[in-house]
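Numbering (our numbering), first residue to last: 50 to 168. For reference, the structure is listed below as structure tokens.
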Amino acid sequence: MTATDHALELVAVAAQAAHDKKADQVLAFDVSDQLAITDAFVLASANNERAVGAIVDEVEDKLREAGAKPIRREGHKEGRWVLLDYGEIVVHVQHEEERSFYALERLWSDCPLIPLTLA
Numbered sequence: 050m051t052a053t054d055h056a057l058e059l060v061a062v063a064a065q066a067a068h069d070k071k072a073d074q075v076l077a078f079d080v081s082d083q084l085a086i087t088d089a090f091v092l093a094s095a096n097n098e099r100a101v102g103a104i105v106d107e108v109e110d111k112l113r114e115a116g117a118k119p120i121r122r123e124g125h126k127e128g129r130w131v132l133l134d135y136g137e138i139v140v141h142v143q144h145e146e147e148r149s150f151y152a153l154e155r156l157w158s159d160c161p162l163i164p165l166t167l168a
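Below is the structure:
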């Protein structure tokens with residue numbers, strides 16, 4: 050099983066939006082074989098809380114324009130690790146310290162990376 054075409058489209062929109070706001074280390078994983086609740090994770094990070102917030106706002110705006118609405122949003126107030134759940138995809142925007150500490154890349158390293166073309 051692999052991520053749906055629609056999920057891959059949302060991944061591309063979210064990743065590009067994060068990249069446009071200067072997110073660091075933008076990656077996406079196809080987690081559809083490991084999790085029944087979502088198809089893909091998008092990971093992005095920034096070096097301060099304000100930048101995390103700006104990235105989150107841009108991702109939400111661009112996904113809204115693409116017709117997607119979040120099911121759940123957590124962590125925005127703290128600005129250290131924001132999770133945006135869109136059902137088919139989950140976007141994690143982390144402060145670089147949280148990114149290093151929790152090492153989601155290592156946790157999901159057995160899942161295939163989704164190729165991203167970021168302009």
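By construction, the Cβ of each residue, glycine as well, lies at the ideal position given by its N, Cα and C atoms.
Quick one: using the 10 Å Cβ neighbour count with 16 as the cut-off for buried, is residue i buried or exposed?
i: S158; result: exposed
i: K71; result: exposed
i: I120; result: exposed
Could you pull the DSSP bridge partners for residue i from this structure?
i: L162; result: F78
i: H144; result: A95
i: D134; result: R121, V139
i: F90; result: F78, V139
i: D73; result: S94
Considering only the alpha carbon of each residue, which of the options lies closest to residue i?
i: G102; options: A115, L133, A56, Y151; result: L133
i: I86; options: V62, I104, A66, A52; result: A52
i: A95; options: V139, S149, E145; result: E145
i: A67; options: E147, K118, V142, H125; result: V142
i: K118; options: H125, Y135, V105; result: Y135
i: E127; options: V140, E147, V139; result: E147
Measuring straight from C-alpha to C-alpha, what distance separates residue i and residue j?
i: V131; j: A100; result: 12 Å
i: P161; j: D88; result: 11 Å
i: F78; j: L59; result: 13 Å
i: A168; j: D73; result: 14 Å
i: Y151; j: V75; result: 16 Å
i: L156; j: G116; result: 30 Å
i: V91; j: E98; result: 18 Å
i: L153; j: I163; result: 15 Å
i: H55; j: E137; result: 8 Å
i: L193; j: R122; result: A query on residue 193 cannot be resolved here, the shown segment of the chain reaching from 50 to 168 and no further.
i: V105; j: S149; result: 19 Å
i: R129; j: V140; result: 14 Å
Exercise for review: Evaluate the contact criterion for the segment 107 to 126 versus the segment 75 to 82: three or more CB pairs, one atom per stretch, below 8 Å.
Suggested key: Taking 8 Å as the limit for Cβ pairs, the verdict is that the segment 75 to 82 does not touch the segment 107 to 126.
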